[in-house]
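Counted from 1, the sequence shown has number 340 at position 332 by the numbering used here; the numbering is strictly sequential. Reviewing the structure listed below.
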Amino acid sequence: MDYVTVTLPGGRSYRWDMRTDLVRIGRASHNDLILEDPGVSRDHAQIARGVEGVILQDRGGKNGTFLNGWRITGPALIHEGDTIRVGSTTIVFNGAMASPVEFVDSPLPAGGATTVLRAREVVTGGGIPSLSSQETDARGMTPATGAAPLAGTASGSFARSPALSVIWEADKELVFHRPLPEILERTVDLVAKAVPFDRALLMLEEEGRLVSRVVRIPRGEEGEKIPISRTIADRVLKQQESVLTDDAMSDERFAAGHSVVAQQIRSAMCVPLYNNQEVIGLIYIDSRRRAGLFKEDDLRLLTHLANVAAVKIENVRLFEQRVQAERMEQEMRKAAEIQRLLLPACSPPIPGYTLHGSSEPCRVVGGDLFDYLDLPGGRFGVSLGDVAGKGYSAALLMTAFQASMRALCELGDAPDTTMGRLNRLLCKRFPENRFVTFFYADLDPARHVVTYVNAGHCPPWVIRRDGSVESLEATGGPLGLFADMRYESGTTTLSPGEVMVCYSDGVTDAIDPSGEQYGTPRLLDLVKSLHEKKPEEIVESITSAISAHYEGGVREDDLTLVVLRRDE
9 MDYVTVTLPG GRSYRWDMRT DLVRIGRASH NDLILEDPGV SRDHAQIARG
59 VEGVILQDRG GKNGTFLNGW RITGPALIHE GDTIRVGSTT IVFNGAMASP
109 VEFVDSPLPA GGATTVLRAR EVVTGGGIPS LSSQETDARG MTPATGAAPL
159 AGTASGSFAR SPALSVIWEA DKELVFHRPL PEILERTVDL VAKAVPFDRA
209 LLMLEEEGRL VSRVVRIPRG EEGEKIPISR TIADRVLKQQ ESVLTDDAMS
259 DERFAAGHSV VAQQIRSAMC VPLYNNQEVI GLIYIDSRRR AGLFKEDDLR
309 LLTHLANVAA VKIENVRLFE QRVQAERMEQ EMRKAAEIQR LLLPACSPPI
359 PGYTLHGSSE PCRVVGGDLF DYLDLPGGRF GVSLGDVAGK GYSAALLMTA
409 FQASMRALCE LGDAPDTTMG RLNRLLCKRF PENRFVTFFY ADLDPARHVV
459 TYVNAGHCPP WVIRRDGSVE SLEATGGPLG LFADMRYESG TTTLSPGEVM
509 VCYSDGVTDA IDPSGEQYGT PRLLDLVKSL HEKKPEEIVE SITSAISAHY
559 EGGVREDDLT LVVLRRDE
């Protein structure tokens, strides 16, 4: 699904999924993507999917619409990573803005400039700060909350402290399910209520790296880097510690960080997003107002907020993973239904013959196929193939292969000619590591002659009336490997009561819990014992025998069979 990453004035950034082919952008409520930016017109721009690609178009925005820095005057094709600007809002198509974080390699200073707390102990030890432990400033306001001490208490009581009220608000605000971006934004809103800051970052660990998910910076500082000590970040993430540095301008840790000094950072705090099991990210805030703005109680409060948020974030992630898994399961069920519809629902009426086939994927969908074709001159095509691989990717390739196979086979050319064309086509379209083993038989029921090509597939058997067996060996290699592969046709005949049995390697390769394969000899013995039965009975008996061989184990390959019998 296409998406955009939106960065609003002030630095708030979020992802927005494009669920429709037309996305209207503007301030008005009837738009799809509504932007709270005074520089954006009520109806400003739109993004539309079309046959040419994804198109950006201005809808009369008073300040214009810009693509990669250039103002557009008509429809413009956009590509992954392109940057769109409307007003003071930046929109990145199928990508994100460059990380605003700059990790500074510098040691953690010793002495009173740094306060370090064990996040686990703060979370489990009930260390929510009480107002009585907070100092008040010259106005009688607490630095952490900006609230005056409550009347009738010694600087306020723990039970009525603004710190505790923020924790209660966090519990209330984060208890209901919201999409993850909203949870992250609301978390930083709560941090702002608890501890005033100039800049803030909420970062999550994703695929082994820290990713900025919420950024808050003063207006006019968009694009500037936010420096974080790599030493501090490592302690927060790896040792589950909360860190407060006071008067960062004088920290030797920032001696080489000219951008830090230029930005006049006086105080900074960094705490882990600890979900009671592991650290999943961090929250960083800083201030340039004055040294000593952040206190240890602020660090404890921020640590608590981060813990509440981390638990909620993890719950939302698990919920969204479950929803995604359920959605994927529904899609896979739909795909399996479509795949079943692509396989023959019943056998064609062939004069003097009975035909039956079946395919059971080891997963929801599979890479095996069988098919029947009406050919010119009253002939019939019988085919069975196995696309290398399993699951969804093999099923997609099988669908593409089946369409190409039918189109070429129904031309009615000789099987060897048809397989050569099909092979060259697959060599152009298939990935290099994918191929198809395939058996194709052209049956002339009037002459009872079968002309076939075996492209590297398991050799089918013809069981004669006297119990002898003819093996229809390979006449060429698998399809899709080498464009210059040559294929030869073989022929055989069927007398009354004789049977041709085709199968995929999922039948012979079936493994029981002890690791023993079902094997070709055992399958051949079973087929010989069944050759007088109807094709449907033969298929059902083989399938039952394979299921019994597994003894409740997990099948590792698709199981496909086709049986053709000449009537008595």
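Cβ atoms here follow ideal geometry from the backbone N, Cα and C, with glycine treated the same way.
Going by CA-CA distance only, name the one from 442, 481 and 439 that's closest to residue 459.
481
Please report the distance separating the alpha-carbon of residue 9 from that of residue 61.
14 Å
Straight-line Cα distance separating residue 23 from residue 552:
51 Å
Nearest CA to the CA of residue 409: which residue from 351, 371 and 450?
351
Suppose contacts are defined by Cβ-Cβ distances below 8 Å. Is residue 512 in contact with residue 392 by that definition?
yes
So residue 435 is in the beta strand (DSSP E); what residue range does that whole segment cover?
Where residue 435 is concerned, there is no enclosing beta strand (DSSP E), although the alpha helix (DSSP H) it sits in stretches over 423 to 437.
Helix or strand or just coil, what does DSSP make of residue 148?
Residue placement at residue 148 is flagged as unreliable, the pLDDT there being 34, under the threshold of 50; a coordinate-derived value is accordingly withheld.
Assuming residue 54 contacts residue 32 (C-beta within less than 8 Å), just tell me the rounded distance between them.
5 Å
With 16 as the cutoff for other CB atoms within 10 Å, does residue 443 come out buried or exposed?
buried
Going along the chain, which residues of its own chain have a beta-carbon closer than 8 Å to the beta-carbon of residue 549, five neighbours each way excluded?
534, 538 and 541
If we count Cβ pairs, one from each stretch, closer than 8 Å, do we get three or more for the region 311 to 328 versus the region 183 to 202?
yes
So what's residue 390 in DSSP terms, helix, strand or just coil?
strand
7 Å Cβ shell around residue 214 - same chain, five flanking residues per side excluded
none
Taking 7 Å as the limit between beta carbons, can you name the residues of its chain near residue 219, skipping five residues before and five after?
211 and 212
My understanding is that residue 387 touches residue 502, with C-beta atoms under 8 Å, so please give their C-beta distance in whole angstroms.
Rounded, the Cβ-Cβ distance is 14 Å, inconsistent with contact.
Close beta carbons around residue 99, own chain, < 6 Å, minus the five adjacent residues each side
12, 14 and 92
Quick one: what does DSSP say residue 283 is sitting in, helix, strand or coil?
coil
Can residue 101 and residue 88 be called in contact, C-beta distance under 8 Å?
yes
What number of angstroms, rounded off, separates the C-alpha of residue 17 from the C-alpha of residue 97?
6 Å
I'd like the span of the alpha helix (DSSP H) that includes residue 510, first residue to last.
No alpha helix (DSSP H) contains residue 510, which is instead part of the beta strand (DSSP E) from 507 to 511.
From the DSSP output, in three-state form, read off residue 96 for me.
coil
Can you list, in chain order, the residues of its chain with a C-beta nearer than 7 Å to that of residue 322? Leave out the 5 residues immediately preceding and following it.
283 and 288
Burial state of residue 248, where buried means 16 or more other Cβ atoms lie within 10 Å
buried
Proximity test, residue 233 beta-carbon vs the ligand NAD heavy atom, cut-off 7 Å
Within the structure as shown, the ligand NAD is missing, as the structure has no ligands at all.
Please confirm if the region 486 to 498 is in contact with the region 417 to 425, defined as three or more CB-CB distances below 8 Å between the two stretches.
yes
In the structure shown, what three-state DSSP assignment does residue 537 receive?
helix
State the Cα-Cα distance for the pair residue 264 and residue 47, rounded to the nearest angstrom.
Any answer about residue 264 is weak, because its pLDDT of 46 lies below 50 and its placement is not dependable; what the coordinates show is given next. Cα-Cα distance, rounded: 38 Å.
DSSP-derived helix/strand/coil call for residue 45
coil
Quick one: using the 10 Å Cβ neighbour count with 16 as the cut-off for buried, is residue 306 buried or exposed?
buried
Would a C-beta distance cut-off of 8 Å place residue 328 and residue 188 closer than the cut-off?
yes
Check whether residue 438 and residue 405 have beta carbons under 8 Å apart
yes
Residues in the same chain with beta-carbon distance under 8 Å from residue 344, minus the five sequence neighbours each way, listed in chain order, please.
369, 372 and 373
Rounded to a whole number of angstroms, what is the C-alpha to C-alpha distance between residue 348 and residue 365?
12 Å
Residue 490 versus residue 382: straight-line alpha-carbon distance, rounded:
29 Å
Quickly, what does DSSP pair residue 220 with across the bridge? List them, please.
211
Rounded C-beta distance between residue 291 and residue 309? I'm assuming under 8 Å.
Residue 291 to residue 309, Cβ: 12 Å. No contact.
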